[in-house]
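Numbering (our numbering), first residue to last: 60 to 324.
I have placed the structure first, in the form of structure tokens, so that the comments after it can refer back to it.
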Amino acid sequence: MVFYFTGTGNSLYVAKQLDETRISIPQVIHLEGLTFEEESIGVVCPVYGHEMPGMVKEFLQKARFKTDYFYLVHTYGNIHGGAAELAEQFLASCGKKADYINTVLMVDNFLPAFDMEEQLASEPGKKAEEHIAAIKADIDSRRKYRQPVTEKDRSWHRVFLERSAGASEGQRRSLYRITEECIGCGVCTRVCPAGCIRLENQMAVNTGENCQVCMACIHHCPENAIRLTIPEKNPDARYHNGHIRLTEIVAANDQGITVSAQHTY
Ligand SMILES: Cc1cc2nc3c(=O)[nH]c(=O)nc-3n(C[C@H](O)[C@H](O)[C@H](O)COP(=O)(O)O)c2cc1C
Ligand code: SF4
Ligand code: SF4
60 MVFYFTGTGN SLYVAKQLDE TRISIPQVIH LEGLTFEEES IGVVCPVYGH
110 EMPGMVKEFL QKARFKTDYF YLVHTYGNIH GGAAELAEQF LASCGKKADY
160 INTVLMVDNF LPAFDMEEQL ASEPGKKAEE HIAAIKADID SRRKYRQPVT
210 EKDRSWHRVF LERSAGASEG QRRSLYRITE ECIGCGVCTR VCPAGCIRLE
260 NQMAVNTGEN CQVCMACIHH CPENAIRLTI PEKNPDARYH NGHIRLTEIV
310 AANDQGITVS AQHTY
């Protein structure tokens with residue numbers, strides 16, 4: 060059994076290779092009880108600022124796992140910043156311990172810092188397939204391991220925290236701007252794991268409430284009608300994992316805000 064959170068498909072792609080029983084965190088988090096029993100239980104998600112998305116943390120706080128083997132796999136695109144250690148610390152804060160924590164380097168979907176065309180060009184060099192295969196072998200053999208973390212990794216996270224200190228909820232909410240290019244297709248409303256976007260008069264409206272900053276809305280918009288309000292490396296380039304269909308992202312994230320998504324990959 061593997062739980063996953065994904066914006067652009069990387070983490071779902073990894074989850075699909077690790078276990079046949081896959082459960083989307085944005086869907087399951089609404090259920091009562093959240094007690095799960097299985098011989099092996101895992102969580103796959105991206106890192107945002109070297110840490111798990113807020114919704115994944117909330118899920119880990121609420122859920123009870125009865126298992127012989129619990130693992131975490133993070134996808135990231137550039138610098139993990141000691142994500143394995145940060146995850147270990149977070150788990151300890153909610154009374155949990157993982158047998159295995161590792162990371163996979165994939166395409167970085169963070170638009171303020173990266174041009175998606177360049178990211179796609181550099182993808183083969185990241186050797187994600189090899190790393191995923193090695194992680195699968197580890198998990199299948201129930202290996203006990205936590206990715207080592209260096210002082211340099213920790214310093215990346217300290218710098219990140221210093222730089223992001225002071226960013227308000229208001230700034231987060233206004234990170235996205237929906238332009239007149241919007242055709243009201245509803246895709247963004249259905250790929251949003253937090254249900255923050257709705258259609259009004261055939262136009263998308265982003266409330267930003269509980270936004271996970273996953274960037275699924277902006278990457279999946281077929282008209283490229285969602286723009287960042289801060290500078291982007293390449294405003295014309297967007298990304299989704301080529302192995303994952305839009306319908307899979309919708310199935311994972313749709314919070315039932317609208318029913319009119321027409322676009323498919
Ligand atoms: C808001 C945000 C913050 C991110 N922070 C980091 C980071 O600190 N380090 C990193 O290497 N990648 C970072 N990334 C890149 C993602 O972790 C990476 O592309 C991940 O594989 C995306 O997974 P998904 O396709 O399942 O959504 C960030 C992406 C976003 C949207
Ligand atoms: S996905 Fe793009 S075009 Fe479709 S409703 Fe959302 S913003 Fe508009
Ligand atoms: S509004 Fe966009 S960035 Fe925020 S949670 Fe929804 S899809 Fe992700």
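Cβ coordinates follow ideal geometry from the N, Cα and C atoms, glycine included.
| query | result |
| --- | --- |
| R249 classed as buried or exposed, judged by whether at least 16 other C-beta atoms fall within 10 angstroms | buried |
| Beta strand (DSSP E) runs contained entirely in the region 199–249, provided each spans 3 or more residues | 235–237 |
| Cβ-heavy atom distance, D313 to ligand 1, below 7 Å | no |
| For Y298 and V87, believed in contact at Cβ under 8 Å, the rounded distance | Not quite, the Cβ-Cβ distance comes to about 26 Å (not below 8 Å), so this is no contact. |
| Chain-ordered residues, beta carbon under 7 Å from a heavy atom of ligand 2 | I237, E240, C241, I242, G243, C244, G245, V246, C247, T248, I256, L258, M262, A263, C276, H279, C280, P281, E282, A284 and I285 |
| Contacting residues, own chain, Cβ-Cβ under 8 Å from P171 (five flanking each side not counted) | L287, I289, P290, E291 and K292 |
| Beta-carbon contacts of M144 that lie in its chain and below 6 Å, excluding the five residues immediately before and after | Per the sequence presented here, residue 144 reads as Glu, with Met not at that position. Answer for E144: V208, listed in chain order. |
| For C104, the three-state DSSP class (helix, strand or coil) | strand |
| Contact check, N137 vs G66, beta carbons under 8 Å | no |
| Where the alpha helix (DSSP H) through L93 begins and ends | That residue, L93, is in no alpha helix (DSSP H); it is neither H nor E in DSSP. |
| Rounded straight-line distance, which links the Cα of A275 to that of G113 | 15 Å |
| Assigned secondary structure, F64 (DSSP; H/G/I helix, E/B strand, else coil) | coil |
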